[in-house]
Amino acid sequence: MVEYQLVISGDEAALAAAMGKAYSEAPWFENRTEERAQKRVRAILGNYQGMGLKAVEDGAIIGGLLGFVDPYADEDFFYISELFVVPERKKQGIGKQLMQALEPHLREKGIAVVQLMSIEPNEAFYAKCGLEKDSVSVLYKRV
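Per my numbering, numbering of the sequence shown is gapless, rising by one per residue and ending at 164.
Right, here's the structure in full:
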């Protein structure tokens, strides 16, 4: 049985390992070192009111959702930096359950808006979770 729990201090290495596995396959094919993955986890959780949820099965982290509060003009948003599930457990509802498990924590903080960036292949998943595409574009420049 999968349990959805708040991330606590000491979860960083297991979260990083699960995240590395999740992004090692299509469509990303990333080769994150353990050190880089742990830096990513710590960086997200170190943001303003950073928090995370973990999907745990038989004592192992099989998925995670990591983000932080983004104070905006007249309300706070919760920005999801990472949502991942290990490859062997994808398409089994774990990502959707992580999104749903987040909502009570946000309501408790008075946060009514969730934001994230996504690659196009994942937009259908996020639509099933109730997210809508807005008019903002992501721009970047390699320097």
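Virtual Cβ for every residue (Gly too), placed ideally from N, Cα, C. Here the structure is a predicted model, which means the values were calculated and not measured.
Spatially closest choice to residue i from the options, by CA coordinates
{"i": "ASP79", "options": "LEU123, TYR25, LYS149, SER156", "result": "TYR25"}
{"i": "CYS150", "options": "LYS130, HIS126, LYS162, ILE115", "result": "ILE115"}
{"i": "ASP95", "options": "LYS162, ASN68, LEU123, GLY131", "result": "GLY131"}
{"i": "VAL28", "options": "GLY67, ASP155, TRP49, TYR147", "result": "GLY67"}
{"i": "GLN59", "options": "GLN121, LYS111, GLU33", "result": "GLU33"}
{"i": "PHE47", "options": "LYS111, ALA145, PRO125, TYR161", "result": "Rather than Phe, the amino acid found at residue 47 in this sequence is Ala. It is LYS111 whose Cα lies nearest to the Cα of ALA47."}
{"i": "ASP155", "options": "TYR147, GLU56, ASN52", "result": "TYR147"}
{"i": "GLN121", "options": "TYR161, TYR93, LEU152", "result": "LEU152"}
{"i": "GLU144", "options": "PRO92, LYS117, ASN52", "result": "LYS117"}
{"i": "MET5", "options": "PRO125, TYR93, VAL77", "result": "It is not possible to answer for residue 5, since the shown part of the chain is limited to 22 through 164."}
{"i": "MET72", "options": "ARG53, SER30, GLU55", "result": "SER30"}
For residue i, three-class secondary structure by DSSP
{"i": "TYR147", "result": "helix"}
{"i": "LYS154", "result": "coil"}
{"i": "MET40", "result": "helix"}
{"i": "LYS162", "result": "coil"}
{"i": "GLY131", "result": "coil"}
{"i": "PRO207", "result": "Absent from the structure is residue 207, since the part of the chain shown begins at 22 and ends at 164."}
{"i": "ILE115", "result": "helix"}
{"i": "GLN136", "result": "strand"}
{"i": "MET22", "result": "coil"}
Whole-angstrom C-beta distance between residue j and residue i, which should lie under 8 Å
{"i": "GLY84", "j": "ALA39", "result": "7 Å"}
{"i": "ALA81", "j": "VAL62", "result": "Contact flag wrong, Cβ pair sits at about 16 Å."}
{"i": "GLU103", "j": "ILE65", "result": "6 Å"}
{"i": "VAL135", "j": "ILE101", "result": "6 Å"}
{"i": "MET138", "j": "VAL164", "result": "No, MET138 and VAL164 are not in contact; Cβ-Cβ is about 20 Å, not under 8 Å."}
Beta-carbon gap between residue i and residue j smaller than 8 Å
{"i": "LYS42", "j": "PRO108", "result": "yes"}
{"i": "LEU87", "j": "LEU119", "result": "no"}
{"i": "LEU127", "j": "LEU74", "result": "no"}
{"i": "TYR44", "j": "PHE98", "result": "no"}
{"i": "VAL90", "j": "GLN113", "result": "no"}
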